[in-house]
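Written out below as structure tokens is the structure these notes cover.
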Amino acid sequence: MERWWGVLTGALLIAAWIDRAVGPAIVVLLSAATVVWCFFQAPVTCGAPVRGHGDGCRNNAYGLLLGCRIRQHRWQKLKMIILRRQIREFCSGLFSDGKAAVVTLAGVGSFLSGLIAFIPGLALK
Ligand SMILES: [Zn+2]
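Each number in our numbering comes from the position in the sequence shown (counting from 1) with 605 added on.
What follows is the structure, given as structure tokens:
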């Protein structure tokens, strides 16, 4: 369960947005932590192509950008981004199941929240 700590920072982030007294520095910090969790820690499904398995690898991966503990899978997703023609495949993987979709939305949401909080005067004063 310790791999789900990003849910906690995400919940704190939402609380920080509701309670404006917290201030932008905390919001930026919580946003950054949640983004890092989504990209490099969240236990989403690996999904690297495996011969004989249509769905790909079912192991837990390290966030949206890294694969599972199998060495060949580790950098699979980053490679997909670098080799541009696989980007579409990578993006469809972001919504391949409910868990991945939630983590993706949390990542995008906290990224935007960090951005908005970082620009002084736009949302938080
Ligand atoms: Zn894997």
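Quick reminder that beta carbons are idealized off the backbone N, C-alpha and C, glycines included. Note that the structure is predicted; figures quoted are calculated from it, not measured.
Among Gln691, Phe695, Ile721, which has the Cα closest to the Cα of Thr709?
Closest by C-alpha distance to Thr709, out of Gln691, Phe695, Ile721, is Phe695.
Ile675 versus Asp624 - alpha carbon distance:
Cα to Cα, the separation comes out at about 42 Å.
Which residue spans inside the region 628-676 form an unbroken alpha helix (DSSP H) run of at least 4?
Note on the region 628-676: whole alpha helix (DSSP H) runs with a minimum of 4 residues are 629-645, in chain order.
Helix, strand or coil: how does DSSP classify Trp622 here?
Three-state DSSP puts Trp622 in a helix.
So which residues touch the region around ligand 1, with touch meaning a C-beta under 7 Å from any heavy atom?
Qualifying residues come out as Cys651, Ala653, Cys662, Asn664, Ala666, Gly672, Cys673, Ile675, His678.
Taking Cβ positions, are Cys651 and Cys673 nearer each other than 8 Å?
Yes. Within cutoff.
Among Arg690, Met685, Arg679, Ala711, nearest to Trp610 - alpha-carbon criterion
Trp610 has its Cα closest to that of Ala711, out of Arg690, Met685, Arg679, Ala711.
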